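Structure, as structure tokens:
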Amino acid sequence: MIPMMTEKEKAAAGLFYDSALKFFEKERHRAKNLYHKYNTCKPTNFKKRNKIIKKLFGKTGKKFLIEQPFYCDYGYNIEIGNNFFANMNCVMLDGAKIKFGNNVLIGPNVGFYGTGHPLDIELRNSFIEYSYPITVGNNVWIGGSVSVRPGVTIGDNVVIGTGSVVTRDIPSNSIAYGNPCRVVRKIDPEEVKLKEKYFKKLTKEEFKNGIY
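Counting from 1, one number per residue, gives the positions in the sequence shown under full-length UniProt numbering.
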């Protein structure tokens with residue numbers, strides 16, 4: 001006899017689940033109370049802010065900064081790597097796992113929407129949901145006002161342009177933008193070698209003329 005799946009197991013498996021259950025409501029309230037404390041915390045009290053995020057998230061790297069305000073559904077499904085930065089008004093609907101690698105930069109007003117609703121009207125009106133994981137690799141820069149849809153994987157060394165709606169996987173070493181977001185071109189390894197150009201000390205004349 002096949003054992004019955006719990007609603008939480010259904011959510012983890014990408015199946016329809018009942019998000020209106022008291023169990024889920026309690027977990028969402030826990031997250032809301034934590035990110036409310038975070039969003040109303042003194043901005044320069046980084047020690048307290050980091051402590052709250054570590055309690056809210058499932059996993060964090062050693063170095064991270066998430067600007068206020070921040071919002072999520074559950075928190076414990078979010079994992080961030082080292083050297084992670086998210087600008088203000090970041091939203092993560094983490095009914096399923098949302099995982100970030102190392103060295104990820106996220107612009108303002110970006111949403112990672114791991115949860116969706118069925119097309120069937122009766123199911124949707126009864127608060128039935130589905131959730132698919134979102135994965136972001138290492139060395140990724142996501143511009144402002146980007147929306148990332150359920151089930152998307154963004155590879156390593158990727159740049160996502162401002163205002164994009166990411167509905168499909170984006171391969172590593174790519175620059176992508178648009179609605180829907182599409183790969184515009186691959187990143188040439190020779191471009192990466194030019195990093196010293198951007199970190200050198202500029203002369204006043206170079207800065208004045210934009211030579212950098």
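All C-beta atoms, glycine included, are put in the ideal place defined by N, C-alpha and C. Because the structure is a prediction, the values reported are computed rather than measured.
Presumed contact (8 Å Cβ cut-off) between residue i and residue j, rounded CB distance
i                : j                 : result
glycine 137      : isoleucine 154    : 6 Å
tyrosine 132     : glycine 14        : 5 Å
valine 146       : valine 166        : 7 Å
lysine 55        : leucine 34        : 6 Å
phenylalanine 16 : tyrosine 177      : Not quite, the Cβ-Cβ distance comes to about 32 Å (not below 8 Å), so this is no contact.
methionine 92    : phenylalanine 112 : 5 Å
alanine 12       : alanine 96        : 7 Å
Where residue i falls, given that 16 or more other Cβ within 10 Å makes a residue buried
i                : result
proline 180      : exposed
aspartate 73     : buried
proline 43       : exposed
glycine 62       : Checking the sequence shown, residue 62 turns out to be lysine, not glycine. Per the 10 Å Cβ criterion, exposed.
isoleucine 53    : buried
threonine 40     : exposed
threonine 6      : exposed
valine 184       : exposed
isoleucine 121   : exposed
glutamate 25     : exposed
aspartate 188    : exposed
phenylalanine 46 : exposed
asparagine 77    : buried
aspartate 94     : buried
phenylalanine 23 : exposed
Cβ neighbours of residue i in the same chain (closer than 6 Å, five flanking residues each side left out)
i           : result
alanine 20  : Phe127
residue 227 : With the chain covering 1 to 212 only, the question about residue 227 has no answer from this structure.
glycine 116 : Tyr130 and Pro150
Proximity test, residue i beta-carbon vs the ligand HEM heavy atom, cut-off 7 Å
i           : result
glycine 111 : Ligands displayed in this structure: none; no statement on the ligand HEM is therefore possible.
Three-state secondary structure assigned by DSSP to residue i
i           : result
leucine 123 : helix
Chain-order list of residues whose beta-carbon lies under 7 Å from that of residue i (same chain, five-residue window excluded)
i             : result
lysine 186    : Asn173 and Ser174
methionine 88 : Glu67, Gln68, Pro69 and Pro108
arginine 28   : Asp73 and Tyr74
tyrosine 71   : Tyr35 and Val91
lysine 48     : Cys41
Neighbourhood of residue i by C-beta distance below 8 Å, restricted to the same chain and skipping five residues each side
i             : result
aspartate 156 : Gly101, Gly137, Asn138, Asn139, Val140, Ser172 and Asn173
glycine 81    : Gly61, Phe100, Gly101, Asn102, Asn103, Val104 and Asn138
threonine 162 : Gly107, Gly143, Gly144, Ser145, Val146 and Tyr177
asparagine 83 : Gly61, Lys63, Phe64, Asn102, Asn103 and Val104
Beta strand (DSSP E) runs wholly inside the stretch 21 to 99, at least 3 long, in chain order | Listed in chain order, the complete beta strand (DSSP E) runs (minimum 3 residues) inside the stretch 21 to 99 are 64 to 66, 70 to 72, 84 to 86 and 90 to 93.
Segments assigned alpha helix (DSSP H), at least 4 residues, entirely inside the stretch 132 to 196 | 189 to 193
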